[in-house]
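The number in the numbering used here is simply the position in the sequence shown, starting from 1, with 14 added.
Below: one structure, written as structure tokens.
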Amino acid sequence: MENVVAGYGRKRILHDVNLAVMPGEIFGLVGLNGAGKTTLIKTLTGLHAIDSGKISVFSHSAEDQKSRENLAFLPEQFLPSLHLRGWEFLQLTLAYYHLPLDRDAAITLAHKMGLDETALSRKITTFSKGMGQKIGLIGTLMTKRPLLILDEPMSGLDPLVRIGLKDALTSYRNAGHSIFFSSHILADMEELCDRIAVLHEGCIRYVGSPHELRTMHGEPTLERAFLKVISEKTPE
Numbered sequence: 015m016e017n018v019v020a021g022y023g024r025k026r027i028l029h030d031v032n033l034a035v036m037p038g039e040i041f042g043l044v045g046l047n048g049a050g051k052t053t054l055i056k057t058l059t060g061l062h063a064i065d066s067g068k069i070s071v072f073s074h075s076a077e078d079q080k081s082r083e084n085l086a087f088l089p090e091q092f093l094p095s096l097h098l099r100g101w102e103f104l105q106l107t108l109a110y111y112h113l114p115l116d117r118d119a120a121i122t123l124a125h126k127m128g129l130d131e132t133a134l135s136r137k138i139t140t141f142s143k144g145m146g147q148k149i150g151l152i153g154t155l156m157t158k159r160p161l162l163i164l165d166e167p168m169s170g171l172d173p174l175v176r177i178g179l180k181d182a183l184t185s186y187r188n189a190g191h192s193i194f195f196s197s198h199i200l201a202d203m204e205e206l207c208d209r210i211a212v213l214h215e216g217c218i219r220y221v222g223s224p225h226e227l228r229t230m231h232g233e234p235t236l237e238r239a240f241l242k243v244i245s246e247k248t249p250e
């Protein structure tokens, strides 16, 4: 992203945002509610037009359909089509990327997400919101795209499932892929991310490793360092 400005009508949400996600890294986006995280993610995925600036995804404009061939996106509070069963959803998701359904891999990921494999045979009308999110995560991880974009993937997950998801994301990164995700759970950011960006009031206030942010502000936790960053005045 280079000097990206975006908003809704006359209301500007993102102000001259510059970001770059490197191959083989987990990159976290953190900010308060209303900071512009979801808008930023929508611009990355081509779901929201920018007013000015440039966004490239693997050398293609984010608004170019070709850019989406190399990424998989999971929105916040995802729920699949209620007319499908779990297996059908996974098969359709992978068919979009011209991939076969690997049932063994799906079952392994289901266990990491705290789902019994029998849940994959059930109709999605019987799923809770949490189960819908979990099967969305399974499908997204199975695409094996070079870039995953996840909006608040940890939201609503219990500690055991969060551990399973973090293990799956780490394995995905170790296979050479990149992951860009937003979260308000800073402890997860510190554990997972190679680098993070702090977005506040539509502006990027920090880009770097979680450790560097703590060291810079002399704080023992990422939460306290984050609060210091967003309390600083925006440079004129």
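Just so you know, even glycine gets a beta-carbon here, dropped at the ideal spot from N, CA and C.
Residue closest to residue i, alpha-carbon to alpha-carbon, out of the options
i, options, result
"T122", "G100, A182, A109, L174", "A182"
"M145", "M168, I163, P160", "M168"
"L85", "I163, K51, H29, R24", "I163"
"S70", "A34, W101, E39, K56", "A34"
"V18", "Q147, Q79, F103, D30", "D30"
"Q79", "L93, F87, D65, G60", "G60"
"A201", "L104, Y220, L134, A239", "A239"
"M127", "D165, G178, S81, E102", "G178"
"I64", "L43, G45, I27", "I27"
Coil, strand or helix - residue i by DSSP
i, result
"E16", "strand"
"G232", "coil"
"L161", "strand"
"K68", "strand"
"S185", "helix"
"K242", "helix"
First through last residue of the alpha helix (DSSP H) which encompasses residue i
i, result
"A211", "Run containing A211: none in the alpha helix (DSSP H); it sits in the beta strand (DSSP E), 209-214."
"G144", "143-156"
"K51", "51-58"
Bounding residues of the beta strand (DSSP E) (the contiguous stretch that carries residue i)
i, result
"D172", "Premise fails: D172 is in no beta strand (DSSP E) and is neither H nor E."
"R117", "It is not in any beta strand (DSSP E) - R117 instead sits in the alpha helix (DSSP H) that spans 117-126."
"D30", "25-31"
"L43", "40-44"
"V35", "Counting along the chain, V35 falls outside any beta strand (DSSP E), and DSSP gives it neither H nor E."
"I218", "217-222"
"I193", "192-196"
Burial state of residue i (16 or more Cβ within 10 Å)
i, result
"P114", "exposed"
"A76", "buried"
"H214", "buried"
"L96", "exposed"
"M203", "buried"
"E246", "exposed"
"K25", "exposed"
"N156", "The residue you asked about is not Asn; residue 156 is Met in the sequence shown. Classification of M156: buried, given that the 10 Å Cβ count is 16 or more."
Residue i Cβ short of 7 Å to the ligand GTP heavy atom set
i, result
"S185", "The ligand GTP is absent from the structure shown, which contains no ligands of any kind."
Pick out the complete alpha helix (DSSP H) segments inside the segment 77-112, 4 residues or longer, and give them in chain order.
-> 100-110
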